[in-house]
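Position in the sequence shown counted from 1, then plus 17, gives you this note's numbering.
No residue lacks a Cβ here, since even glycine has one placed at the ideal position from N, Cα and C.
First comes the structure, then the notes that go with it.
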Amino acid sequence: MKTLVINSGSSSIKYQLLEMPEEVVLCSGLIERIGEENSHIEHWVYKDSDLFQTLGEHRVADHRQGMKIVAQLLTEPQHGPLNHAKEVEVVGHRVVHGGEAFSHPTLINDEVTQTIRRLSDLAPLHNPPNLTGIEMARQVFKQATQVAVFDTAFHQTLPPHAYRYALPNELYQQHGIRVYGFHGTSHRYITAQAAQMLGKPVDKTSLISIHLGNGASMTAVQNGQSIDTTLGMTPLPGLVMGTRSGDIDPAIIFYLHDHLQMPLDKINHLLNKESGMKGLTGHNDLREIIKEADAGSKEAQLALEIYTYRIKKYIGAYVAVLGRIDAVVFTGGVGENSPLIRQMALAGLTHLGIGLQPELNEDCHPPCRISAEQATIQTLVIPTDEELEIARQAYALVSGIS
Ligand code: ADP
Numbered sequence: 018m019k020t021l022v023i024n025s026g027s028s029s030i031k032y033q034l035l036e037m038p039e040e041v042v043l044c045s046g047l048i049e050r051i052g053e054e055n056s057h058i059e060h061w062v063y064k065d066s067d068l069f070q071t072l073g074e075h076r077v078a079d080h081r082q083g084m085k086i087v088a089q090l091l092t093e094p095q096h097g098p099l100n101h102a103k104e105v106e107v108v109g110h111r112v113v114h115g116g117e118a119f120s121h122p123t124l125i126n127d128e129v130t131q132t133i134r135r136l137s138d139l140a141p142l143h144n145p146p147n148l149t150g151i152e153m154a155r156q157v158f159k160q161a162t163q164v165a166v167f168d169t170a171f172h173q174t175l176p177p178h179a180y181r182y183a184l185p186n187e188l189y190q191q192h193g194i195r196v197y198g199f200h201g202t203s204h205r206y207i208t209a210q211a212a213q214m215l216g217k218p219v220d221k222t223s224l225i226s227i228h229l230g231n232g233a234s235m236t237a238v239q240n241g242q243s244i245d246t247t248l249g250m251t252p253l254p255g256l257v258m259g260t261r262s263g264d265i266d267p268a269i270i271f272y273l274h275d276h277l278q279m280p281l282d283k284i285n286h287l288l289n290k291e292s293g294m295k296g297l298t299g300h301n302d303l304r305e306i307i308k309e310a311d312a313g314s315k316e317a318q319l320a321l322e323i324y325t326y327r328i329k330k331y332i333g334a335y336v337a338v339l340g341r342i343d344a345v346v347f348t349g350g351v352g353e354n355s356p357l358i359r360q361m362a363l364a365g366l367t368h369l370g371i372g373l374q375p376e377l378n379e380d381c382h383p384p385c386r387i388s389a390e391q392a393t394i395q396t397l398v399i400p401t402d403e404e405l406e407i408a409r410q411a412y413a414l415v416s417g418i419s
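So, in structure tokens, the structure goes:
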């Protein structure tokens with residue numbers, strides 16, 4: 018079944034076409050800078066272990082035109098994997114915020130799109146462009162079944178003691194102010210892959226999933242279900258991220274406002290775009306920071322210590338709430354590629370049964386197991402694949418498996 022995965026952002030469309038349930042990627046690509054003079058198009062076709070690439074720069078006025086270009090590229094005469102856009106049977110859409118309304122992948126109809134629109138208050142930067150992608154795909158791939166897969170859905174199993182904030186009840190009851198969590202598609206995928214590597218059923222697998230990309234989050238997974246996670250009502254709290262602060266004392270906001278006369282929109286920008294590793298070092302790319310730390314920069318070294326100390330602190334917290342755990346799993350661009358970050362985050366945790374075998378950590382080409390022999394908790398590195406997870410969920414729903 019040809020399954021198209023769409024991730025529609027404010028000025029971009031990313032897509033991947035898979036044959037399901039074989040999980041074979043037929044092609045993938047992205048259109049960036051939609052609405053600007055020079056939109057950038059990249060398209061890759063995978064055919065019999067050969068790779069064909071198409072690059073382009075021209076104006077793509079809006080998402081409608083963008084989606085039509087996707088359909089053209091899929092059916093492009095020379096290397097297009099399809100003869101006709103009608104061959105796409107399922108379109109799986111990434112939707113960032115499903116609030117409390119969506120705990121599972123959902124067939125899209127007008128009622129569903131209205132609910133996603135209503136939830137835009139909770140994710141004003143993400144839900145509206147996700148919705149535009151859905152609307153355009155419903156027009157361009159008319160015959161396909163459209164499915165929404167929500168980033169928050171995996172965390173709908175959080176118990177109230179984990180998802181409620183200690184704020185007046187009506188803020189939750191009337192305004193939905195609570196922890197929702199994000200990166201759920203990645204954490205769910207990692208849980209399934211880890212269970213496979215451990216040779217256990219998913220519903221008997223407990224682990225700490227550590228997703229370290231530009232955004233970053235950790236999730237405590239008990240018997241296959243998310244029971245706590247570091248992102249909150251918004252993607253700002255928890256770990257130190259590329260440009261986001263992670264946990265801070267909320268009263269800092271009043272201080273910035275009252276004593277430094279910063280308006281709220283500036284504080285919002287500061288915490289989301291100018292903080293985290295960028296605030297500490299001037300860079301949000303961990304590779305640059307590691308290079309500077311190696312060259313002796315005290316500022317870069319301290320930033321790496323702050324970054325990894327926060328991970329370690331949450332490992333301690335999640336070991337406490339989970340009790341028995343099978344594995345600690347690293348994923349995301351940083352988690353998959355940086356032995357140094359993994360080593361710093363897990364240093365000194367042997368009393369918890371967590372420890373690395375240095376050679377395995379250094380030589381890891383994920384997926385791999387990098388724990389020390391005497392560790393009672395495995396440490397795994399697993400590449401995440403959110404597109405595949407969306408395709409799996411959409412296919413399962415459409416074919417009646419779930
Ligand atoms: P996103 O969250 O945007 O999906 P990724 O998961 O691809 O991002 O992660 C991107 C980040 O991964 C980059 O900011 C970069 O800092 C980091 N990264 C990639 N390779 C390495 C590496 N070898 N060492 C440290 N960090 C890396």
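Spatial neighbours of residue i within its chain, please: C-beta separation below 7 Å, excluding the five flanking residues on both sides.
i, result
"THR325", "ILE358, MET361 and ALA362"
"GLN239", "SER223 and LEU339"
"GLU404", "VAL22 and GLN33"
"ARG181", "TYR189 and ARG195"
"THR247", "SER234, MET235, PRO254, GLY255, LEU256 and TYR331"
Let me confirm a value: residue i is counted as buried when at least 16 other C-beta atoms fall within 10 Å, else exposed. Which label applies?
i, result
"PRO98", "buried"
"VAL41", "exposed"
"SER223", "buried"
"LYS31", "buried"
"PRO267", "exposed"
"LEU21", "buried"
"ILE23", "buried"
"ALA154", "buried"
"ARG341", "exposed"
"PRO146", "buried"
Rounded to whole angstroms, what is the Cα-Cα separation between residue i and residue j?
i, j, result
"ASN100", "TYR63", "16 Å"
"VAL336", "ASP282", "37 Å"
"GLY116", "TYR197", "7 Å"
"ILE125", "LEU414", "12 Å"
"HIS274", "GLU53", "35 Å"
"LEU68", "PRO177", "48 Å"
"ILE323", "LEU288", "16 Å"
"GLY259", "ALA310", "16 Å"
"PHE171", "ILE407", "12 Å"
"ASN55", "MET235", "37 Å"
"GLY365", "LEU90", "51 Å"
"PRO38", "CYS44", "16 Å"
"ALA411", "ILE51", "26 Å"
"ALA10", "THR169", "Beyond the ends of the chain as shown, which are 18 and 419, falls residue 10; an answer cannot be given."
"GLN191", "LEU184", "12 Å"
"ALA179", "THR123", "25 Å"
Tell me which residues share the same chain as residue i and place their Cβ nearer than 8 Å to its Cβ, disregarding the 5 neighbours each side in the sequence.
i, result
"ASN144", "VAL112, VAL113, HIS114, ILE133, ARG134, LEU136 and SER137"
"VAL345", "LEU224, ILE225, ILE227, ILE332, LEU363, ILE371, ILE394, GLN395, THR396 and LEU397"
"ILE306", "MET294, THR298, HIS300, ALA317, ALA320 and LEU321"
"GLN156", "ARG81 and MET84"
"ALA130", "Position check: residue 130 holds Thr in this sequence, whereas Ala was assumed. Hits under 8 Å: LEU148, ILE151 and GLU152."
Taking Cβ to Cβ, would you say residue i is nearer than 8 Å to residue j?
i, j, result
"GLY150", "SER314", "no"
"LEU72", "GLU93", "no"
"VAL166", "HIS75", "no"
"ASP402", "TYR206", "yes"
"PRO383", "PRO400", "yes"
"GLY232", "PRO218", "no"
"LEU373", "ALA389", "yes"
"ILE265", "ILE284", "no"
"ASP245", "LEU175", "yes"
"VAL351", "GLY263", "no"
Excluding five sequence neighbours on each side, which residues of the same chain lie with their C-beta closer than 6 Å to the C-beta of residue i?
i, result
"THR162", "VAL107 and VAL415"
"MET279", "LEU273"
Which ranges does the beta strand (DSSP E) cover as unbroken runs of at least 3 residues, wholly within the segment 121–186, from first to last along the chain?
162–167
Output the residue ranges of the beta strand (DSSP E) runs that lie fully inside the segment 196–279 and measure 3 residues or longer, sorted by chain position.
224–229, 233–239 and 242–246
Quick check for students: name the residue ranges of the alpha helix (DSSP H) that lie wholly in the segment 295–336, counting only runs of 4 or more.
303–311
Uninterrupted alpha helix (DSSP H) stretches inside the segment 42–98 (no shorter than 4 residues)
80–91
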